[in-house]
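Engineer: Be aware that the sequence shown starts at -14, since it is given in the numbering used here, and climbs by one per residue. Note that the Cβ used here is the ideal one computed from N, Cα and C, for glycine as well. Just so we're clear, the structure is a prediction, and the values are computed from it rather than from any experiment.
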Amino acid sequence: MRFILNFTRASVRIGNALWHYSPQQRYFCSEGAAVEKSLNQVTLLGRVGIEPQLRGSDSNPVVVFTLATNSNYKYETGEVEQKTQWHRISVFKPFLRNSVYQFLHKGTRILVQGRLMYGHVTDTKGVEHITTTIVAEEVIFLSSGKTAEEKSVMDSGT
């Protein structure tokens, strides 16, 4: 059961549980255990870097792709530099996974909302590598894979 509570008092007893509230932290205490609430949320807006790939096993399939996000920097000289960050996106939710795999393509502009997940893999040489991925909870398609300029060039035949 999920509660959203706002208290003016320091704590309130509900049944056998004690709810504590302070501006710095909100947590639930039951039988002496405290679980602090936290937030792991990522929102990215960018373009898909590779065609989505189906990975994992039959019992635990996942669709993965990369997403490029850009940051623009303007120096005192007036020079503008664009830096691209690449993000690995993983989609586990069945309906979302299938939609992304079928309809998402390289170059498509999308908004991804999800959470960060860290893991590790061991390569063939026995070296362990840390992995970072964004587990997508939502993927919103904003455009097709080609920009308006690219489409007009293709339509004109040049």
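Distance, Cα to Cα, R73 vs G63?
Structural biologist: Reading the sequence shown from its first residue, position 88 is the one you call residue 73. Reading the sequence shown from its first residue, position 78 is the one you call residue 63. Going from the Cα of R73 to the Cα of G63 covers about 32 Å.
Engineer: Could you check where the beta strand (DSSP E) with F50 kicks off and where it finishes?
Structural biologist: For the purposes of this step, residue 50 is identified with residue 65 of the sequence shown, where counting begins at 1. Element bounds for F50: P46 to K59.
Engineer: Return the chain-ordered list of same chain residues with a C-beta closer than 6 Å to the C-beta of H114, the five sequence neighbours on each side being excluded.
Structural biologist: One-based indexing of the sequence shown puts residue 114 at position 129. Contacts found: V106.
Engineer: Indicate the three-state DSSP secondary structure (helix, strand or coil) for V124 in the structure shown.
Structural biologist: Here residue 124 is taken as the residue at index 139 of the sequence shown, counted from 1. Correct three-state label for V124: strand.
Engineer: Take W71 as the anchor and find which of T109, V124, T117 and L24 has the nearest alpha-carbon.
Structural biologist: Numbered from 1 along the sequence shown, position 86 holds the residue referred to as residue 71. Minimum Cα distance to W71 is reached at T117.
Engineer: List the endpoints of the continuous beta strand (DSSP E) containing Q98.
Structural biologist: Counting from one through the sequence shown, the residue named residue 98 turns up at place 113. R94 to T107 is the extent of the beta strand (DSSP E) around Q98.
Engineer: For L81, which of helix, strand or coil comes out of DSSP?
Structural biologist: Here residue 81 is taken as the residue at index 96 of the sequence shown, counted from 1. It is helical.
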